[in-house]
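Residue numbers (the working numbering): 3 to 316.
For every residue, glycine included, the Cβ atom is placed at its ideal position computed from N, Cα and C.
Dropping the structure here:
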């Protein structure tokens, strides 16, 4: 049986904030920059303990990216902090030229991603960011699923040499991964073994996929659930090994159906193991204002949507 027990709900952005605070205590080269969103990025404690290692750039995100790139030249490990929309689309030229092309060791910390940003509406609900960032040569793209994994990912990316895009969110979600689980960049995690269909999920959709798998299990449908926290580089081995067993796959993400995890998986399968695939993602549209639960239901990226797609393959 799938274990859906958890002790608390916490936002993944707090996982980033606590991970950054821990890095401040253990790695003197870690510095932080923010574009006037300290509270939203949960940077308060890091700043309190390391005021000389924090730079408030204000609402000047393009400048923030270029300053971060410059700081790496002196051996610093800069974390930039703002909303995902402002971490990508607003500053894409600066990231491309000054960070990715130059292969600078900048960690782009992007909060409030996806529809679950909620009431702030379509202008802030970035659903294109994974696609934008994964297309940049050399850019690692990470989308953890809960507080524990986000904290672990934050600490892990500081040890990685090269540019990283770290995506996380606003709402409180179940904390269901072990606090001591090692975070390995590029290595997917098998959450549940199954034989009938593979569900590959990322971010908030990992929990929704586990809920869906538990419901489907009651109907005699066995789902293998894989947590793909690193979209680039993609763990091709774990996906291919699973679909060779199940013969069917559903990809689930809080992102536009174009350019996200689903397309990355489809490319791998088309080249190496053609498999029948269904997609749980936002169907090429902008979002709107609403609660996270309302939006996930309307745009069909919740557990019910996963169940529907699994059954469509069967």
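Residue closest to residue i, alpha-carbon to alpha-carbon, out of the options
i	options	result
residue 315	234, 199, 304 and 297	199
residue 290	127, 258, 177 and 39	127
residue 97	112, 12, 79 and 68	68
residue 244	267, 282, 219 and 155	267
residue 40	114, 79 and 7	114
residue 258	281, 154 and 14	281
residue 256	195, 139, 37 and 129	129
residue 320	79, 210, 166 and 150	This structure cannot speak to residue 320, because the chain is shown only from 3 to 316.
residue 312	240, 260, 274 and 210	210
residue 195	179, 185 and 219	219
residue 239	105, 81, 188 and 165	188
residue 302	207, 221, 185 and 42	207
residue 122	310, 288 and 192	288
residue 186	232, 217 and 179	232
Whole-angstrom C-beta distance between residue j and residue i, which should lie under 8 Å
i	j	result
residue 262	residue 120	No, residue 262 and residue 120 are not in contact; Cβ-Cβ is about 20 Å, not under 8 Å.
residue 93	residue 112	Going by Cβ atoms, the distance from residue 93 to residue 112 rounds to 11 Å, so no, they are not a contact pair.
residue 248	residue 226	6 Å
residue 201	residue 215	6 Å
residue 169	residue 145	5 Å
residue 18	residue 50	That belief does not hold up - the Cβ atoms of residue 18 and residue 50 are roughly 16 Å apart, past 8 Å.
residue 25	residue 59	Their Cβ separation, rounded to whole angstroms, is 19 Å, which puts residue 25 and residue 59 out of contact at 8 Å.
residue 110	residue 167	5 Å
residue 242	residue 278	Not quite, the Cβ-Cβ distance comes to about 14 Å (not below 8 Å), so this is no contact.
residue 164	residue 142	7 Å
Residue i CB to nearest heavy atom of the ligand SAH below 7 Å
i	result
residue 23	The ligand content of the structure shown is nil, which means the ligand SAH is not present either.
First through last residue of the beta strand (DSSP E) which encompasses residue i
i	result
residue 176	174 to 176
residue 146	Careful: residue 146 lies outside any beta strand (DSSP E) and carries neither H nor E.
residue 282	278 to 284
residue 32	32 to 36
residue 13	11 to 13
residue 245	Taken as a continuous stretch (DSSP letters only), residue 245 belongs to no beta strand (DSSP E), being part of the alpha helix (DSSP H) at 238 to 248.
residue 168	166 to 169
residue 133	Run containing residue 133: none in the beta strand (DSSP E); it sits in the alpha helix (DSSP H), 131 to 136.
residue 1	Only positions 3 to 316 of the chain appear in the structure, and residue 1 is not among them; the question remains open.
residue 83	79 to 85
residue 40	Per DSSP, residue 40 belongs to no beta strand (DSSP E); it is in the alpha helix (DSSP H), 40 to 43.
Extent of the continuous alpha helix (DSSP H) run through residue i
i	result
residue 208	207 to 220
residue 265	263 to 274
residue 108	Here residue 108 belongs to no alpha helix (DSSP H), and DSSP marks it neither H nor E.
residue 309	305 to 315
residue 64	63 to 75
residue 294	294 to 300
residue 203	Careful: residue 203 lies outside any alpha helix (DSSP H), inside the beta strand (DSSP E) at 199 to 203.
residue 49	46 to 51
Proximity of residue i and residue j at Cβ, strictly below 8 Å
i	j	result
residue 83	residue 31	no
residue 147	residue 190	no
residue 294	residue 117	yes
residue 203	residue 223	no
residue 8	residue 177	yes
residue 131	residue 156	no
residue 33	residue 55	yes
residue 73	residue 212	no
residue 154	residue 13	no
residue 317	residue 139	Examination of residue 317 is not possible in this model, given that the chain is present from 3 through 316 alone.
residue 48	residue 22	yes
residue 108	residue 70	yes
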